[in-house]
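Colleague:
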Amino acid sequence: MLIGIDIGGTHTDAVLVSKGKMVRAFKTATTRPLEEGVKKALIEIGHLDELKAVHVGTTHATNALLEGKNLFRTGVIRLAGHRPDALKPCAGWPLFLKEKIFAGVETVDGGWECDLRAITMLNPAQIKDASEKLAAAGVESLAIVGVFSPILSEQEEMAAAAVREVLGEEFPITLSSEIGGIGFIERENASILNASLKKPMREGFERLKETLTALGVNAPLHLTQNNGSVIDLKRAIEYPLLTVSSGPTNSFIGASRLAGLSDAIVVDIGGTSTDIGCVKNGFPRRSIHNVSFGGVALNFRAPDVLALPIGGGSYLDGRRIGPESCGGALRTQAQVFGGEFLTLTDAACVAGVMSIPGAEVSRVCLSTIEAQNLIATVRSQVASGVEKMRGGRKDLPVIAVGGGAAIASAFQPEHQAVANAYGAALAEVSATIDTVLSLSDRGKQLEDLKDQALQLAVDEGASSSSVRIVDLQVIPYHYVPNQLARVIATASGTPLEELLNCSR
Numbered sequence: 001m002l003i004g005i006d007i008g009g010t011h012t013d014a015v016l017v018s019k020g021k022m023v024r025a026f027k028t029a030t031t032r033p034l035e036e037g038v039k040k041a042l043i044e045i046g047h048l049d050e051l052k053a054v055h056v057g058t059t060h061a062t063n064a065l066l067e068g069k070n071l072f073r074t075g076v077i078r079l080a081g082h083r084p085d086a087l088k089p090c091a092g093w094p095l096f097l098k099e100k101i102f103a104g105v106e107t108v109d110g111g112w113e114c115d116l117r118a119i120t121m122l123n124p125a126q127i128k129d130a131s132e133k134l135a136a137a138g139v140e141s142l143a144i145v146g147v148f149s150p151i152l153s154e155q156e157e158m159a160a161a162a163v164r165e166v167l168g169e170e171f172p173i174t175l176s177s178e179i180g181g182i183g184f185i186e187r188e189n190a191s192i193l194n195a196s197l198k199k200p201m202r203e204g205f206e207r208l209k210e211t212l213t214a215l216g217v218n219a220p221l222h223l224t225q226n227n228g229s230v231i232d233l234k235r236a237i238e239y240p241l242l243t244v245s246s247g248p249t250n251s252f253i254g255a256s257r258l259a260g261l262s263d264a265i266v267v268d269i270g271g272t273s274t275d276i277g278c279v280k281n282g283f284p285r286r287s288i289h290n291v292s293f294g295g296v297a298l299n300f301r302a303p304d305v306l307a308l309p310i311g312g313g314s315y316l317d318g319r320r321i322g323p324e325s326c327g328g329a330l331r332t333q334a335q336v337f338g339g340e341f342l343t344l345t346d347a348a349c350v351a352g353v354m355s356i357p358g359a360e361v362s363r364v365c366l367s368t369i370e371a372q373n374l375i376a377t378v379r380s381q382v383a384s385g386v387e388k389m390r391g392g393r394k395d396l397p398v399i400a401v402g403g404g405a406a407i408a409s410a411f412q413p414e415h416q417a418v419a420n421a422y423g424a425a426l427a428e429v430s431a432t433i434d435t436v437l438s439l440s441d442r443g444k445q446l447e448d449l450k451d452q453a454l455q456l457a458v459d460e461g462a463s464s465s466s467v468r469i470v471d472l473q474v475i476p477y478h479y480v481p482n483q484l485a486r487v488i489a490t491a492s493g494t495p496l497e498e499l500l501n502c503s504r
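For the sequence shown, position 441 matches number 441 in UniProt numbering, and the numbering has no gaps at all.
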């Protein structure tokens with residue numbers, strides 16, 4: 001048996017799963033610190049001495065960025081011999097976030113042309129000097145960003161070694177080649193965010209690990225990342241940005257499995273927002289476009305999600321629905337519970353599409369017709385979002401999950417309220433190779449890359465008997481030599497340690 005936990009901004013959900021089937025489920029309020037709510041959920045679920053693994057999905061990294069709290073002050077070392085200093089790091093960022101994170105930049109020799117000719121040779125002495133200057137400026141973490149480093153990461157690795165000679169082996173460093181795609185600025189943005197997030201992830205989840213140990217849980221702790229797979233705690237602390245957007249991903253996978261559908265559109269209606277995504281072969285469809293998070297442009301791997309500012313807690317003011325929401329204060333603010341504010345949940349209860357224990361529709365200042373019209377408006381907006389996500393797949397069924405699932409006019413599987421935690425429990429180990437290749441010998445190049453992805457997944461902890469390629473994208477680059485293309489291959493499989501534990 002294993003436990004899947006989803007730590008949301010409002011609720012912490014936990015499910016006990018045995019052989020892929022849900023045995024128990026529990027929902028409680030999310031706490032600060034996080035481990036208190038998790039502890040309550042684990043005690044309620046029980047069977048702690050029988051667990052083979054604990055899978056946790058969390059918005060911890062997401063919230064740290066949105067709130068700008070407890071982040072590392074981060075410096076940047078650019079490996080760019082042509083000195084592209086006209087555009088400084090964090091250009092276009094929200095000012096409050098830039099002030100919280102960015103601590104300075106040093107540009108040194110290095111970098112590659114797209115055909116892998118060196119722009120200039122790397123100079124370790126320059127890197128050591130840059131490290132000393134940034135340390136004097138008070139940096140707590142570093143991002144090393146080289147021109148075209150995703151094609152060849154050698155210079156970034158050498159630069160990191162030089163930095164550690166000055167700042168120590170344990171100094172937090174993020175290499176951009178391990179985080180983003182080709183685009184320099186977006187990759188730099190992702191690397192800076194990742195470097196800054198190492199602090200809250202380390203502090204929050206080392207405490208959670210201690211809580212599990214105190215409860216007698218000896219099973220391994222895994223965190224879900226935004227591609228629907230799990231990574232161990234050490235890797236999650238090293239690459240915290242990979243956990244951003246893992247919440248919708250867990251919901252999409254959980255919904256797909258609860259409904260018994262490997263291909264579907266999933267609508268996850270929460271307290272504040274509605275996330276719509278497409279599941280293909282049991283995994284969320286990936287976005288091939290640059291993504292933006294908290295106003296920062298990124299090009300790292302992320303699920304293709306359409307977020308609508310509509311949720312069960314959305315305020316209604318007679319003219320619009322949301323985007324403001326009462327979120328976790330629904331039971332004190334919504335009129336059906338005696339509160340002063342009119343919310344979408346009030347409308348849903350009056351319209352007869354939701355029935356909640358303790359809710360009194362007589363308290364709501366809406367007629368049945370008014371409530372039904374509001375629900376019809378929301379359903380129209382959700383339906384429009386679903387059509388945007390369909391693309392050419394007009395035959396895909398629609399699944400609704402989450403606390404506000406009844407608001408959508410779609411199929412709701414059993415246990416849909418905890419689809420996120422169930423998705424976390426089912427998460428596999430995966431590995432993604434995101435690189436640039438010449439397609440002059442396309443067949444062999446792609447087969448070699450898939451073999452590398454399969455082996456990398458096994459190296460990360462997937463069982464060799466279950467690992468397979470779950471996604472392959474080829475995106476040609478135009479107007480560059482050698483038929484270059486960005487190729488993204490993802491392999492996934494059941495965690496080996498869980499299979500071994502189950503066989504004992």
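Even glycine gets a Cβ: it sits at the ideal position worked out from N, Cα and C.
Can you tell which of L456, R486 and A405 has the C-alpha that lies nearest to the C-alpha of L439?
Modeller: For the purposes of this step, residue 439 is taken as residue 439 along the sequence shown, with counting starting at 1. When only C-alpha atoms are compared, the closest one is R486.
Colleague: How big is the Cα-Cα spacing for I144 and A160?
Modeller: As a first step, residue 144 is located in the sequence shown; it is residue number 144 there, counting from the start. As a first step, residue 160 is located in the sequence shown; it is residue number 160 there, counting from the start. Computed Cα separation, rounded: 7 Å.
Colleague: Express the C-alpha separation of N290 and A91 in angstroms, rounding to a whole number.
Modeller: Along the sequence shown, read from residue 1 onward, the residue named residue 91 stands at position 91. Along the sequence shown, read from residue 1 onward, the residue named residue 290 stands at position 290. Roughly 16 Å separates the two Cα atoms.
Colleague: Just mark F300 as buried or exposed, buried being the case when its beta carbon has 16 or more other beta carbons within 10 Å.
Modeller: The residue you call residue 300 lines up with position 300 of the sequence shown. Under this definition F300 is a buried residue.
Colleague: Would A329 and T345 qualify as a contact pair, given that the criterion is a beta-carbon distance under 9 Å?
Modeller: Working through the sequence shown from its first residue, we reach residue 329 at position 329. Working through the sequence shown from its first residue, we reach residue 345 at position 345. Not closer than 9 Å, so no.
Colleague: Considering only their Cβ atoms, is the gap separating A425 from I3 smaller than 9 Å?
Modeller: Indexing the sequence shown from 1 puts residue 3 at position 3. Indexing the sequence shown from 1 puts residue 425 at position 425. Yes, the pair counts as a contact, with Cβ atoms nearer than the cut-off.
Colleague: Put C278 into one of helix, strand or coil per three-state DSSP.
Modeller: As a position in the sequence shown, residue 278 is number 278, starting the count at 1. In this structure, C278 counts as strand in the three-state DSSP scheme.
Colleague: If you drop the 5 nearest sequence neighbours on each side, which residues of the same chain put their C-beta closer than 7 Å to that of I45?
Modeller: Your numbering for residue 45 matches position 45 in the sequence shown. Within the same chain, I45 has close Cβ partners I3, A14, L16, R24 and F26.
Colleague: Is it a yes or a no for the segment 186-200 touching the segment 76-96, going by three-plus beta-carbon pairs under 8 Å?
Modeller: yes
Colleague: Report all residues from its chain with a CB closer than 8 Å to the CB of T74; omit the five preceding and five following residues, and keep chain order.
Modeller: Within the sequence shown, the letter at position 74 stands for residue 74. These residues qualify, in order along the chain: I101, F102, A103, V139, E140, S141, L142, A143, I192, A195 and S196.
Colleague: Would you list the residues sitting across from M121 in a DSSP beta bridge?
Modeller: Along the sequence shown, read from residue 1 onward, the residue named residue 121 stands at position 121. The partner list for M121 (beta bridge, DSSP) is empty, contrary to what the question assumes.
Colleague: Since P323 is in the beta strand (DSSP E), which residue starts that stretch and which ends it?
Modeller: Indexing the sequence shown from 1 puts residue 323 at position 323. I321 to S325 is the span of the beta strand (DSSP E), which, as asked, contains P323.
Colleague: Taking only the alpha-carbon atoms, compute the straight-line gap between D109 and Q126 and give it to the nearest angstrom.
Modeller: Position 109 of the sequence shown holds residue 109. Position 126 of the sequence shown holds residue 126. C-alpha of D109 to C-alpha of Q126: approximately 8 Å in a straight line.
Colleague: Measuring alpha carbon to alpha carbon, tell me which of R468, K52 and S256 ends up nearest G216.
Modeller: Counting from 1 along the sequence shown, the entry for residue 216 is found at position 216. Closest by alpha carbon: K52.
Colleague: Does G358 pass the burial test, meaning 16 or more other C-beta atoms within 10 Å, or should it be called exposed?
Modeller: Locating residue 358 in the sequence shown gives position 358, counting from the first residue. Counting Cβ neighbours within 10 Å, G358 comes out exposed, since fewer than 16 surround it.
Colleague: Assign Y477 to one of three DSSP states: helix, strand, or coil.
Modeller: If you number the sequence shown from 1, residue 477 lands on position 477. Looking at Y477 - three-state DSSP - the assignment turns out to be coil, as it is neither helix nor strand.
Colleague: Excluding five sequence neighbours on each side, which residues of the same chain lie with their C-beta closer than 8 Å to the C-beta of R468?
Modeller: Numbered from its first residue, the sequence shown carries residue 468 at position 468. In its chain, beyond the 5 residues on either side, L454, A491, S492 and G493 have a beta carbon closer than 8 Å to the beta carbon of R468.
Colleague: Can you name the start and end residues of the beta strand (DSSP E) that A223 belongs to?
Modeller: Taking the sequence shown and counting its residues from 1, one reaches residue 223 at position 223. According to the sequence displayed, residue 223 carries Leu and not Ala. First-last of the beta strand (DSSP E) with L223: L221 to T224.
Colleague: Excluding the 5 residues flanking V166 on each side, which residues of the same chain have their C-beta closer than 7 Å to its C-beta?
Modeller: Within the sequence shown, numbered from 1, the residue matching residue 166 stands at position 166. The residues are K128, S131 and E132.
Colleague: Apply the 10 Å Cβ neighbour rule to Q412 and answer buried if 16 or more other Cβ atoms are within range, or exposed otherwise.
Modeller: For the purposes of this step, residue 412 is identified with residue 412 of the sequence shown, where counting begins at 1. Buried, because 16 or more other Cβ atoms sit within 10 Å of the Cβ of Q412.
Colleague: According to the neighbour-count rule (16 or more other Cβ atoms, all chains shown, within 10 Å of its Cβ), is N218 buried or exposed?
Modeller: Walking along the sequence shown from the start, residue 218 turns up at place 218. With fewer than 16 Cβ atoms within 10 Å of its Cβ, N218 is classed as exposed.
Colleague: Could you give the C-beta distance for L79 and V147, rounded to a whole number, given that I count them as a contact under 8 Å?
Modeller: The sequence position of residue 79 within the sequence shown is 79, counting from 1. The sequence position of residue 147 within the sequence shown is 147, counting from 1. Contact flag correct, Cβ pair sits at about 7 Å.
Colleague: Below 9 Å between beta carbons: does that hold for Y422 and L258?
Modeller: Counting from one through the sequence shown, the residue named residue 422 turns up at place 422. Counting from one through the sequence shown, the residue named residue 258 turns up at place 258. Yes, the pair counts as a contact, with Cβ atoms nearer than the cut-off.
Colleague: From I399 to T274, what does the alpha carbon distance come to, in whole angstroms?
Modeller: For the purposes of this step, residue 399 is taken as the residue at position 399 of the sequence shown. For the purposes of this step, residue 274 is taken as the residue at position 274 of the sequence shown. Their backbone Cα atoms lie some 13 Å apart in a straight line.
Colleague: Identify every residue that forms a DSSP beta bridge with E106.
Modeller: Residue 106 sits at position 106 when you count from the first residue of the sequence shown. Looking at the DSSP assignment, E106 forms a beta bridge with I77.
Colleague: Spell out the partners DSSP gives S314 in its beta bridges.
Modeller: The residue labelled residue 314 in the question sits at position 314 within the sequence shown. Note: S314 sits in a beta bridge opposite S325.
Colleague: If you run the structure through DSSP and keep just helix, strand and coil, what is E340?
Modeller: On the sequence shown, position 340 is the one that residue 340 refers to. Coil at E340, not helix or strand.
Colleague: Can you tell which of I488, Q473, A348 and G294 has its C-alpha closest to the C-alpha of L316?
Modeller: Stepping through the sequence shown from its first residue, residue 316 is reached at position 316. Selected option, being the one with the closest Cα: A348.
Colleague: Report the three-state DSSP secondary structure of I173 (helix, strand or coil).
Modeller: As a first step, residue 173 must be located in the sequence shown, where it is residue number 173. If DSSP states are grouped into helix, strand and coil, I173 belongs with the strands.
Colleague: Work out the CA separation of P200 and T62 for me, nearest whole Å.
Modeller: What you label residue 62 is simply residue 62 of the sequence shown in a count that begins at 1. What you label residue 200 is simply residue 200 of the sequence shown in a count that begins at 1. Taking the straight line from one Cα to the other gives about 11 Å.
Colleague: For S466, name the three-state secondary structure that DSSP assigns.
Modeller: One-based indexing of the sequence shown puts residue 466 at position 466. Look at S466 here: in three-state DSSP terms it is coil, with no helix or strand label.
Colleague: Identify the continuous alpha helix (DSSP H) that holds A389 and give its terminal residues.
Modeller: The residue given as residue 389 occupies position 389 in the sequence shown. The amino acid occupying residue 389 in the given sequence is Met; Ala does not appear at that position. Start and end: T368 to R390.
Colleague: Taking the C-alpha atoms as reference points, what is the distance between S409 and L152?
Modeller: Numbered from 1 along the sequence shown, position 409 holds the residue referred to as residue 409. Numbered from 1 along the sequence shown, position 152 holds the residue referred to as residue 152. Computed Cα separation, rounded: 49 Å.
Colleague: Taking three-plus beta-carbon pairs below 8 Å as touching, is the segment 305-315 in contact with the segment 262-280?
Modeller: yes
Colleague: Would you give the residue range spanned by the beta strand (DSSP E) that L298 belongs to?
Modeller: Mapped onto the sequence shown, residue 298 falls at position 298. Counting along the chain, the beta strand (DSSP E) containing L298 begins and ends at V296 to L298.
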